[in-house]
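Undergrad: After the structure tokens below, expect a handful of questions from me.
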Amino acid sequence: LESIQVGELAKKLNLKPGDVIGRLMKMGEMVTINKVIDAETAALVATEFGCEVRVVSLYDETIIKEEEDLAEAMVRRPPVVTIMGHVDHGKTRLLDTIRSTNVIDTEAGAITQHIGAYQVETPQGRITFLDTPGHEAFTAMRARGASVTDIVILVVAADDGVKEQTVEAITHAKEANVPIIVAVNKIDLPNANPDKVKQALVPHGLQPEDWGGTTVFCEISAKNNIGIEHLLEMVLLQAELLDLKANPTVKAVGRVVEARVDPGKGPVATVLVQKGTLREGDPFVVGVYSGRVRAMFDDFNHRLKEAGPATPVEITGLDGVPGSGDPFHVLETEKEAREFASVRQHYKQITEASQRAQPSLRTLDNWM
Ligand code: GDP
Ligand code: MG
Numbered sequence: 147l148e149s150i151q152v153g154e155l156a157k158k159l160n161l162k163p164g165d166v167i168g169r170l171m172k173m174g175e176m177v178t179i180n181k182v183i184d185a186e187t188a189a190l191v192a193t194e195f196g197c198e199v200r201v202v203s204l205y206d207e208t209i210i211k212e213e214e215d216l217a218e219a220m221v222r223r224p225p226v227v228t229i230m231g232h233v234d235h236g237k238t239r240l241l242d243t244i245r246s247t248n249v250i251d252t253e254a255g256a257i258t259q260h261i262g263a264y265q266v267e268t269p270q271g272r273i274t275f276l277d278t279p280g281h282e283a284f285t286a287m288r289a290r291g292a293s294v295t296d297i298v299i300l301v302v303a304a305d306d307g308v309k310e311q312t313v314e315a316i317t318h319a320k321e322a323n324v325p326i327i328v329a330v331n332k333i334d335l336p337n338a339n340p341d342k343v344k345q346a347l348v349p350h351g352l353q354p355e356d357w358g359g360t361t362v363f364c365e366i367s368a369k370n371n372i373g374i375e376h377l378l379e380m381v382l383l384q385a386e387l388l389d390l391k392a393n394p395t396v397k398a399v400g401r402v403v404e405a406r407v408d409p410g411k412g413p414v415a416t417v418l419v420q421k422g423t424l425r426e427g428d429p430f431v432v433g434v435y436s437g438r439v440r441a442m443f444d445d446f447n448h449r450l451k452e453a454g455p456a457t458p459v460e461i462t463g464l465d466g467v468p469g470s471g472d473p474f475h476v477l478e479t480e481k482e483a484r485e486f487a488s489v490r491q492h493y494k495q496i497t498e499a500s501q502r503a504q505p506s507l508r509t510l511d512n513w514m
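Structure below.
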């Protein structure tokens, strides 16, 4: 939907705003200088002044053409997993247990830092976990058209059962078409009732395999490290069925998981590489910002030289703080990256301005 403010149109036609407004009123359009009109109306009124309007989509200019993926270049990549579930059912504890028992790095006493995502190495393969708190991050990403999650682990406490946010999580996962693995947690508790959890989930379309359904249920204790290994095996089995592949040979493409200003490093962003390989020194555009990868770190603050598909890395070298879910693209040159960023900034400004002037106007939400 292309549109323009009346005042802006008058400027482009080299006319006084009053003249354009007057002509529009004669055409039956009651407008003010700030009113946004569609391209068709703009073209009509321009004709009245003997001008021709050519509609140029700035939106199109914000889109980066990605390199084509050749089938023979595709290789297996680790699954990206989000843990969801009701508050206090053990999401954080599960993430902590998984992380501390499956660290890629065996260096004793290595200090972890929260970057919003991390990767673990299991005997069956690597898994990437997003650990930005639950539902919000998931829905925020989805709202940006960025479904980065391949598999959802739904944590349900065996003593508390199916609750409001459990159902919410199921809805989100289903809408995103992401398969769910149920982790029935806290089975160490004396009042744990895993069967009750199973029963309660059937009406929500999650039927256990041993009851003739297709949903994998794992009974675990995040606290006592029971059943976690099996859960991870099930995740990787599911990943195999999904046949997750990416091309590591192209320029890196990814999504921002989270971003902030670090007192020492300046703006930093955790980027989940979705395809290609990201390297130190790569010029990039991320949302409305650009830069060059000055340094990359993992969740142990170790410096990395490169990061392939499904790898989360914290990068420095940005000229601003992007939003969660913003797209990340490596480009040929820093100049090209700056140009894209500036077009996007311009586009963002005008869409926000037109929305302020006319909140009812439909604008493109997923603008990149
Ligand atoms: P979240 O809100 O889903 O992130 O839940 P937390 O991970 O913060 O866990 C909530 C509480 O449940 C904490 O006190 C945990 O120690 C406890 N908890 C988590 N997992 C287990 C478990 O397997 N068994 C028991 N007994 N307690 C657990
Ligand atoms: Mg938590």
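In the UniProt record's numbering, the protein residues as written are 147 to 514. Just so you know, even glycine gets a beta-carbon here, dropped at the ideal spot from N, CA and C. All of these numbers come straight from a predicted model, not from anything done at the bench.
1) Figure out for me which residue from E485, R502, T258 and E498 has the closest Cα to the Cα of T208.
2) Any chance the CB of T228 is under 6 Å from a heavy atom of the ligand MG?
3) Need the endpoints of the beta strand (DSSP E) that E460 sits in, please.
4) Pair every Cβ in the segment 266 to 274 with every Cβ in the segment 460 to 469, then say whether three or more of these pairs are closer than 8 Å.
5) How do the segment 446 to 456 and the segment 490 to 501 stand: do at least 3 beta-carbon pairs fall below 8 Å, yes or no?
6) Closer than 8 Å is the cut-off here; do at least three beta carbon pairs connect the segment 373 to 392 with the segment 438 to 449?
7) Which same chain residues end up closer than 7 Å to C197 when comparing Cβ atoms and leaving out the 5 residues on each side of it in sequence?
8) For M380, which beta-bridge partners are listed by DSSP?
9) Measure how close the beta-carbons of I327 and I297 come, nearest whole angstrom, since I'm counting them as under 8 Å.
10) Run the proximity test for A368: is its beta-carbon closer than 6 Å to any non-hydrogen atom belonging to the ligand GDP?
11) What is the rounded straight-line gap between the Cα of residue 120 and the Cα of V489?
12) Who are the Cβ neighbours of residue 113 in its own chain at under 7 Å, not counting the five residues just before and after it?
13) Please identify the residue among E194, Q151, S203 and R401 whose C-alpha is closest to the C-alpha of I179.
14) Cβ of L300 versus every heavy atom of the ligand GDP: is any distance shorter than 6 Å?
15) What residue range is occupied by the uninterrupted alpha helix (DSSP H) comprising M230?
16) Relative to the ligand SAM, what is the chain-ordered list of residues with a Cβ closer than 6 Å to any of its non-hydrogen atoms?
17) Please give me, in chain order, every unbroken run of the beta strand (DSSP E) with length at least 3 that falls completely inside the segment 163 to 211.
18) On a CA-only basis, which of R239, Y264 and P455 is nearest R222? Give me that one, please.
19) In whole angstroms, what is the alpha-carbon distance linking N337 and D306?
20) Thinking P458 and V403 are a contact (beta carbons under 8 Å), I'd like their distance in whole angstroms, please.
TA: This is what the structure gives:
1) E485
2) Placement of the Cβ of T228 at a distance of 6 Å or more from every heavy atom of the ligand MG is found.
3) P458 to L464
4) no
5) no
6) no
7) L159
8) Per DSSP, none; premise fails for M380.
9) The Cβ separation is near 6 Å, so the contact holds.
10) Yes, the beta carbon of A368 sits closer than 6 Å to at least one heavy atom of the ligand GDP.
11) In the structure displayed, the chain extends from 147 to 514; residue 120 sits before or after that span and is not available.
12) The chain is shown from 147 up to 514; residue 113 falls before or after that span and cannot be answered.
13) Q151
14) no
15) Run containing M230: none in the alpha helix (DSSP H); it sits in the beta strand (DSSP E), V226 to G231.
16) This structure lacks the ligand SAM; the ligands present are the ligand GDP and the ligand MG.
17) 182 to 184
18) P455
19) 9 Å
20) Between P458 and V403, the beta carbon gap of about 6 Å places them in contact (Cβ cut-off 8 Å).
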